[in-house]
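Notes for the one structure printed next.
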Amino acid sequence: MSPARGGGIIENSFSKGGFQMSRGYHPYRSMRAVVVAMALVAAFAAPFAAPVAAESLELETVEFFSPAVDRTMKYNIVLPHDYDGSSARYPVLYLLHGLTQNYTAWGLSNGTPFYAGLYDDLIVVMPDAGNSWYVNWTAEEGGQQNNWEDHIITDVVNHVDWNFRTIARREGRAITGLSMGGYGAITLGLRHPEMFISIGSTSGALEHARQIARRMRGESPPRQAPERTAAEQAERAARLRRPNPLIGIDGFSSQAERSPDGQEFPTAEDADAYDPFMLIAKLDNDALPHIYLDCGTEDRLIAGARELASILLERDVPFDYMQMQGAHNAAYWIQSIGRITAVQYEVMQRALGQRPAGRRRARSN
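Numbering (the numbering used here), first residue to last: 619 to 983.
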């Protein structure tokens, strides 16, 4: 198996029995569209290289009460540049953050997520779920609710649909995320396939629930906590209690506050219910949303992405897979989020029977 390299990007063409590197497999796109998408990668990354003078987009931070977690929460939302002057309804892309991150974590340039300016007709929502793994946990001893799956699927989506002009049906929604958020997007999308037309993951921890279930069943050794001196433990505890002023959520701004104290999975069977490999096995092909998987070749999480892709291939399910040289870091995500956004945007447009509008105006330095 030899990689075909072009601009550092490795795409996979799949055949029964394994992966074959070639120029790419894109069931939802023509080769012309593939070329366009690759050309956009540089545009997506540009705001990180240098400040840009971009047309202003509306970036709003929305505060609302979430019954699922019994607390006031926030999300960032980016609206199309002509939102206020239009009566149109728009598709929505939900972006889920990674572990230790928050709703402000996505790359910003001049107050605007770097990819959002490429589209005239897309709403981008960036919710917050702490270090929850997007799972409904058991309540903490103090009674604090931690139903983070319900927070996203019910409270956030409903709040967005009620307060903004969205296309509030499956064809008008996509969800994706990175690392913990990649696991969350794929898992929530498979647990609620009626909600999203496209689900995606970049550098996703797709084996998270399965690994926990195996440890619970004694099939894998217990996870070992790193050894720390007393001074190291004290410094770590102080760091975890330190509020992040960017978050600005009362009682939910330090890593200690953002980490649930309940149980994520009380039993191995509970973990199975959040295992994307098991969830896919329970769904008919026609019920599956479009799936996009993306991971760096040096990322230890790539095994999960490849395994899931192999399952989809064996099931003869159309999907998109991309891997590029890179590791589990921002340098990789800068490019991968641009690619996945372009594909999911097109999937929504096709499902809605619309022609993708593509870019509006090029940015200038």
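Note that beta-carbon positions come from the ideal geometry of N, C-alpha and C, so glycine has one too.
Owing to the predicted nature of the structure, the values given are computational and were not obtained by experimental measurement.
Quick one: Cα of Phe-782 to Cα of Arg-857, how far? One-based indexing of the sequence shown puts residue 782 at position 164. One-based indexing of the sequence shown puts residue 857 at position 239. Cα to Cα, Phe-782 sits roughly 37 Å from Arg-857.
By a C-beta neighbour count over all protein chains shown, 10 Å radius and 16 as the cutoff for buried, is Gly-944 buried or exposed? If you number the sequence shown from 1, residue 944 lands on position 326. Classification of Gly-944: buried, given that the 10 Å Cβ count is 16 or more.
Test item: CB-CB of Arg-860 and Gly-748 under 7 Å: Taking the sequence shown and counting its residues from 1, the one referred to as residue 860 is at position 242. Taking the sequence shown and counting its residues from 1, the one referred to as residue 748 is at position 130. Between Arg-860 and Gly-748, the C-beta gap is not smaller than 7 Å, which leaves the two residues out of contact.
Rounded to whole angstroms, how far is the Cβ of Gly-800 from the Cβ of Ala-823, which I believe are closer than 8 Å? Reading the sequence shown from its first residue, position 182 is the one you call residue 800. Reading the sequence shown from its first residue, position 205 is the one you call residue 823. With 8 Å as the limit, Gly-800 and Ala-823 qualify as a contact, their Cβ atoms being about 7 Å apart.
Give the DSSP bridge partners of Thr-784, in chain order. For the purposes of this step, residue 784 is identified with residue 166 of the sequence shown, where counting begins at 1. Beta-bridge pairing links Thr-784 to Tyr-708.
In DSSP terms, what Glu-681 is bridged to: Locating residue 681 in the sequence shown gives position 63, counting from the first residue. Lys-692, per the DSSP bridge assignment.
What did DSSP end up calling Pro-844 once you bin it into helix, strand or coil? As a first step, residue 844 is located in the sequence shown; it is residue number 226 there, counting from the start. DSSP places Pro-844 in coil when its eight states are reduced to three.
From what residue to what residue does the beta strand (DSSP E) around Tyr-910 run? One-based indexing of the sequence shown puts residue 910 at position 292. Counting along the chain, the beta strand (DSSP E) containing Tyr-910 begins and ends at 908-914.
Beta-bridge pairing of Val-935 - partner residues as DSSP gives them: Taking the sequence shown and counting its residues from 1, one reaches residue 935 at position 317. Answer is none; Val-935 lacks a bridge partner.
Measure the CB-CB distance between Glu-882 and Trp-755 and report whether it falls below 7 Å. In the sequence shown, the residue the question calls residue 882 occupies position 264. In the sequence shown, the residue the question calls residue 755 occupies position 137. In contact: Glu-882 and Trp-755 (Cβ atoms closer than 7 Å).
Please report the Cβ distance between Val-687 and Trp-766, rounded to the nearest whole angstrom; I am assuming they are in contact, meaning their Cβ atoms lie under 8 Å. Taking the sequence shown and counting its residues from 1, the one referred to as residue 687 is at position 69. Taking the sequence shown and counting its residues from 1, the one referred to as residue 766 is at position 148. About 7 Å separates the two Cβ atoms, so the contact holds.
With DSSP run on the structure shown, which of helix, strand or coil describes Pro-745? Within the sequence shown, the letter at position 127 stands for residue 745. Of the three classes helix, strand and coil, the one that applies to Pro-745 here is strand, per DSSP.
Would you call the segment 805-824 and the segment 910-922 touching, i.e. three or more CB-CB distances under 8 Å? yes
Collapsed DSSP secondary structure at Pro-665 in the structure displayed: Sequence index remark: in the sequence shown, residue 665 carries index 47 (1-based). Low confidence applies to Pro-665: its pLDDT is 34, below 50, so where it sits in the model is not reliable enough to give any reading.
Between the CA atoms of Arg-832 and Ser-704 - distance to the nearest angstrom: Taking the first residue of the sequence shown as position 1, residue 704 is located at position 86. Taking the first residue of the sequence shown as position 1, residue 832 is located at position 214. Ser-704 and Arg-832: Cα-Cα distance of roughly 52 Å.
Helix, strand or coil for Arg-968, going by three-state DSSP, please let me know. Position 350 of the sequence shown, counted from the start, is the residue given in the question as residue 968. Residue state, collapsed to three classes: helix.
Contact under 7 Å by Cβ, Ala-803 with Leu-711: The sequence position of residue 803 within the sequence shown is 185, counting from 1. The sequence position of residue 711 within the sequence shown is 93, counting from 1. With contacts defined by Cβ atoms closer than 7 Å, Ala-803 and Leu-711 do not form a contacting pair.
Beta-carbon spacing of Leu-713, Met-744 below 7 Å: Residue mapping note: residue 713 aligns to position 95 of the sequence shown, counting from 1. Residue mapping note: residue 744 aligns to position 126 of the sequence shown, counting from 1. Their beta carbons are under 7 Å apart, which means Leu-713 touches Met-744 by this criterion.
So, helix, strand or coil for Leu-717, using DSSP? The sequence position of residue 717 within the sequence shown is 99, counting from 1. Three-state DSSP puts Leu-717 in coil, outside helix and strand.
Hey, Arg-961 and Asp-934 are a contact pair by Cβ (cut 8 Å); roughly how many whole angstroms apart? The residue labelled residue 961 in the question sits at position 343 within the sequence shown. The residue labelled residue 934 in the question sits at position 316 within the sequence shown. It is Val, not Arg, that sits at residue 961 in the sequence shown. That pair is no contact at about 20 Å.
DSSP state of Leu-697, grouped into three classes? Within the sequence shown, residue 697 is the residue found at index 79, counting from 1. Leu-697 falls in the strand class under three-state DSSP.
The alpha helix (DSSP H) that contains Arg-791, what's its start and end? Residue numbering aside, residue 791 sits at position 173 when the sequence shown is read from its first letter. Element bounds for Arg-791: not the alpha helix (DSSP H) but the beta strand (DSSP E), 791-796.
Tell me whether the beta-carbon of His-810 lies closer than 7 Å to the beta-carbon of Ile-771. One-based indexing of the sequence shown puts residue 810 at position 192. One-based indexing of the sequence shown puts residue 771 at position 153. Yes, they are a contact pair.
What residues in its chain sit with their C-beta under 8 Å from that of Leu-970, if we drop five residues either side in the sequence? As a first step, residue 970 must be located in the sequence shown, where it is residue number 352. Closer than 8 Å at the Cβ level, and outside the excluded window around Leu-970, lie Pro-709, Ile-785, Glu-789 and Gly-790.
Exposed or buried, Leu-864, counting other C-beta atoms within 10 Å across all chains shown (16 or more means buried)? As a first step, residue 864 must be located in the sequence shown, where it is residue number 246. With fewer than 16 Cβ atoms within 10 Å of its Cβ, Leu-864 is classed as exposed.
Skipping 5 residues on each side, what residues in its chain have a beta carbon closer than 7 Å to that of Gly-807? For the purposes of this step, residue 807 is identified with residue 189 of the sequence shown, where counting begins at 1. Ile-793, Phe-814, Ile-817 and Pro-907, listed in sequence order.
Just the C-alpha distance for Asn-932 and Phe-895, rounded to the nearest angstrom, thanks. By one-based count along the sequence shown, residue 932 stands at place 314. By one-based count along the sequence shown, residue 895 stands at place 277. Note that residue 932 corresponds to Glu in the displayed sequence, not to Asn. Roughly 13 Å between the two C-alpha positions.
Cβ-based neighbour list, Ile-958, same chain, cut-off 7 Å, excluding 5 preceding and 5 following: Taking the first residue of the sequence shown as position 1, residue 958 is located at position 340. Here the set comprises Thr-794, Gly-818, Thr-820, Tyr-910 and Asp-912.
Measure the alpha-carbon distance for Gly-914 versus Ile-920 and round it to whole angstroms. Counting from 1 along the sequence shown, the entry for residue 914 is found at position 296. Counting from 1 along the sequence shown, the entry for residue 920 is found at position 302. Those two C-alpha atoms are separated by around 7 Å.
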